[in-house]
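Be aware that the sequence shown starts at 39, since it is given in the working numbering, and climbs by one per residue. I have placed the structure first, in the form of structure tokens, so that the comments after it can refer back to it.
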Amino acid sequence: MKHDVRWNDRAHEESEVLIPNPAQPGLNFAPSLENHNCSQARPRKGQPNSMSLGIYLSITLAGVYVITSMIYYFTIRYSKLNYIYSGVSLVTMTEAVKMAISIALKYCVDGEFIPIRLLFSNDKVELWKRGLPYAVPAFLYAVYNNMTFNNLDNFDLATYQVFMQTRIWFTGIMFTLILGRALSLRKWMALIFLACGVALKYFSPTTIEMGSWVCIVIVQAFISSFSGVYNEYMFKSDPGFSIHMQNFFMYLYGILFNFIFGVLSVPDFYHEVLIGIGQTRIFILLVLIGATTGISASFILKFIDVIVKALASAVEVPLTAILAAVLLGESLYKQDILAAIIVMFAIYMYYTKGIGDSRLIHFTFRRHKRLNTGSQEMEKV
């Protein structure tokens, strides 16, 4: 029975690695994981792991992800200081470009043109029914992406990055409470280190003056985490859905929700989009960077190595703080650097294996029983 419980935790770890950065601005990370069957990802003995890209290619992809996502953040921060454009119009255009890329990728893979199939195929009704649940995470990501632009108006990049890592708290807690999965002692220790790093950053001279506004970033982190857990549920309920078809529905509903947000928040939304496209080169640059990073992230999250992804996410936190101080002239204190390093260590510790990983901690006997029951059912099958 002990072995069964640990198997559940390992399955939890494999799915969790798809969630650390599930929703960056303009990027819909987690949407790609529904098509990723964890049981298929773990090869049987004697069989090659077709899901793995190898360590060198994984490092290359992780490096591309870190660089492009950081460029996206820095470009947003720089453009908010020097240009005037609507954030919701930029997010809408980014979703449209990502949807076009998904259509093109699907066509390149098997020659299928998604719009034609959804409009004229015999199974179009069934496909629309399967795609409808993706409206929920699309709405969450629409809210998330628009909050990013508002938060980067009020917070420097280093502060934003550190506090966004609180999503790991929410992810761990929701996996435990909602999905009934146990966390290892190592993961709980990582969450404690993360709390220390975030608290240290909060009492930094660059953050303490923000006061309760910090809660807005934490709300955004919660939305990110909840989206990841919801996508975990969708992945289990429909694991055979094509990643390109899945992303198509995600981006389609994302366009719809962002358009509604734009009409409600911007008096002349259509005119704002045209201004951004026609007069602001950095607007187009942000759209292309966001779309490229979002699409590449979906493949990174599908094939990346666990340790490499953890290192990429961890290194990004202190690197952002240092580069923001050098390139944008944002304030940086020793306390900020220490907080970033602690958070980096906590991320690495949470998403890798090591000391304390074999000991599982359950909240209640009821959840422990549910895990055991699930394991017994698997044994019977």
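Where a beta carbon is used, it is the ideal one built from N, C-alpha and C, also for glycine. Quantities reported herein were computed from a predicted structural model and do not represent experimental measurements.
Strand pairing of residue i, partner residues [DSSP]
{"i": "Ser222", "result": "Leu398"}
Anticipated Cβ contact below 8 Å, residue i with residue j, distance rounded
{"i": "Thr132", "j": "Ala329", "result": "5 Å"}
{"i": "Val355", "j": "Gln199", "result": "5 Å"}
{"i": "Tyr179", "j": "Gly266", "result": "Actually they are not in contact, since the Cβ atoms of Tyr179 and Gly266 sit about 11 Å apart, beyond 8 Å."}
When the options are compared against residue i, the one with the closest alpha-carbon
{"i": "Ser262", "options": "Cys234, Leu165 and Phe201", "result": "Phe201"}
{"i": "Val334", "options": "Ile97, Val102 and Leu95", "result": "Looking at the sequence provided, one finds Ser at residue 334 rather than Val. It is Val102."}
{"i": "Ile320", "options": "Pro277, Tyr123 and Gln373", "result": "Tyr123"}
{"i": "Leu290", "options": "Ile114, Pro153 and Tyr111", "result": "Pro153"}
{"i": "Met288", "options": "Tyr182, His309, Asp374 and Gly169", "result": "Gly169"}
{"i": "Gln284", "options": "Ser96, Ala176, Ile114 and Leu157", "result": "Ala176"}
{"i": "Tyr116", "options": "Lys372, Thr98, Trp226 and Phe187", "result": "Phe187"}
{"i": "Leu99", "options": "Tyr371, Thr331 and Val255", "result": "Thr331"}
{"i": "Gln373", "options": "Tyr271, Pro243 and Lys136", "result": "Pro243"}
{"i": "Ile256", "options": "Asp276, Gly367, Lys391 and Tyr182", "result": "Tyr182"}
{"i": "Ile211", "options": "Lys239, Thr197 and Ile230", "result": "Ile230"}
{"i": "Leu376", "options": "Val174, Gly394, Leu238 and Leu156", "result": "Leu238"}
{"i": "Pro171", "options": "Ser96, Ser275 and Gly367", "result": "Ser275"}
{"i": "Leu370", "options": "Thr197, Asp306 and Val236", "result": "Thr197"}
{"i": "Asn184", "options": "Leu357, Glu368, Ala142 and Ser303", "result": "Ser303"}
{"i": "Thr214", "options": "Lys167, Leu232, Cys146 and Phe264", "result": "Phe264"}
{"i": "Phe279", "options": "Ser96, Lys167 and Leu312", "result": "Lys167"}
{"i": "Leu232", "options": "Tyr386, Asp148 and Phe295", "result": "Tyr386"}
{"i": "Lys118", "options": "Leu366, Ser396, Val311 and Gly394", "result": "Leu366"}
Check whether residue i and residue j have beta carbons under 8 Å apart
{"i": "Leu128", "j": "Val301", "result": "no"}
{"i": "Phe388", "j": "Ala228", "result": "It should be noted that the sequence gives Tyr, not Phe, for residue 388. Yes, the Cβ-Cβ distance between Tyr388 and Ala228 is below 8 Å."}
{"i": "Ile327", "j": "Ile139", "result": "no"}
{"i": "Ile399", "j": "Trp226", "result": "yes"}
{"i": "Phe299", "j": "Met137", "result": "no"}
{"i": "His309", "j": "Lys144", "result": "no"}
{"i": "Val353", "j": "Val126", "result": "no"}
{"i": "Gly156", "j": "Leu165", "result": "First, the residue type needs correcting, since residue 156 is Leu and not Gly in the sequence shown. Yes."}
{"i": "Tyr271", "j": "Val252", "result": "no"}
{"i": "Tyr268", "j": "Val174", "result": "yes"}
{"i": "Thr358", "j": "Tyr111", "result": "yes"}
Per the contact definition of three or more C-beta pairs closer than 8 Å, is the segment 152–162 in contact with the segment 198–206?
no
**Asked** Any chance the segment 132–144 sits against the segment 364–384, with 3 or more Cβ pairs inside 8 Å?
**Response** no
*asked:* Is it the case that the segment 219–231 contacts the segment 189–196, given that we only count it when at least three CB pairs across the two stretches are under 8 Å?
replied: Because the criterion of three Cβ pairs below 8 Å is not met, the segment 189–196 and the segment 219–231 do not touch.
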